[in-house]
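Let me begin by presenting the structure, written as structure tokens, before commenting on it.
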Amino acid sequence: MNYATAVHETVAALRTIREQWAELLLAIEEPPANVWPPRQLTHTLRATSDEQLVVEDRAPLVLREHPAPANLDALDAGIAIERQVFGLADTLAAAVQHTGHGDLRRWVFQNPSAPNTRGAAGSRAHGLHFACVWVEGRLLDEDTTPEEQLDGTLAAPPFAPLPPYLLHEARRTARIAEGRLLRTLGLDQRTTPVPDRPCPWCGGELTLHTDPDEAPRVTCSTGEDCTAPVPLDERGRRVWGWTDLVALVGALAAAEEVPEQACAVTCS
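The sequence shown begins at 83 in this note's numbering and counts up one residue at a time.
Right under this line is the structure:
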């Protein structure tokens, strides 16, 4: 693999972690999610009165107390991902960082002798987003040229270019962290039957298809004989794409209510 491809893959993995981090924090505070509905629909289906989650205001998981998390798997994944990314930033800073202590671009190492937890954490206190952006800057060789001072002289660059061996270490770490996050959220590449929810139009088996690079979709096993008002895919199955999934959620909910209403009439 050439250098440019490795940089591209690593940056993409870090951006995925940043983009999905809010979902992982929400997952920690909620019981483990069922297969259905897909997690990507969470924001669409969540009540509008819910408080918006601002990731940047959340203390890092490794600095918090967690007396009663609703989802231990999500918490364990989050802590592990933070430690991996923070550790990667430590490794890169030790090798390429030359900026002074007052420079806001500087990655500050942990200081266990500091008087409080956040001070002891160094740059970790700024959270995962900051760490991902900082590592990305090193991958892209930002701030690696001499900088002009107020007196017109040139100062040494704040950072040295990243050597290839550290790029490959960064790629390995970022992709491991990305994979664990996606698996925890059920957003990795997988095909899963939708449990106990037959197709509302034909009774066929519904299957959820997820992929980290694509929106989720659902297919019906009946094929073209299914009367659902959605197109066929390349294998002749009815398929609900991203824009159709909310309608499918509604149809499934309505189908569940009908038997309950019928039972109420019959049993009474």
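Glycine is no exception: its CB is placed at the ideal position from the N, C-alpha and C atoms.
Boundaries of the beta strand (DSSP E) in which residue i is found, first to last residue
| i | result |
| --- | --- |
| H291 | 288 to 293 |
| P298 | 296 to 302 |
| T274 | 272 to 275 |
Strand pairing of residue i, partner residues [DSSP]
| i | result |
| --- | --- |
| Q179 | F241 |
| E229 | A237 |
| V321 | T301 |
| L327 | None; L327 has no bridge partner. |
| L314 | R320 |
Beta-carbon separation (whole angstroms), residue i vs residue j, contact threshold 8 Å
| i | j | result |
| --- | --- | --- |
| T292 | R272 | 6 Å |
| H180 | A238 | 6 Å |
| V137 | W103 | 6 Å |
| A159 | L106 | 7 Å |
| R279 | W118 | 6 Å |
Residue range of the alpha helix (DSSP H) that includes residue i
| i | result |
| --- | --- |
| Q102 | 85 to 110 |
| T266 | 246 to 267 |
| E218 | 210 to 221 |
Measuring CB atoms only, is the region 212 to 219 touching the region 89 to 99, in the sense that at least three cross pairs come out at less than 8 Å? yes
Assess contact between the region 281 to 289 and the region 160 to 175, defined as three or more Cβ pairs (one per stretch) separated by less than 8 Å. Is contact present? no
Within 8 Å, do at least three Cβ pairs link the region 297 to 305 to the region 313 to 326? yes
Would you check if there are 3 or more beta carbon pairs closer than 8 Å linking the region 137 to 152 to the region 203 to 210? yes
Between the region 222 to 229 and the region 153 to 170, do three or more beta carbon pairs fall short of 8 Å? no
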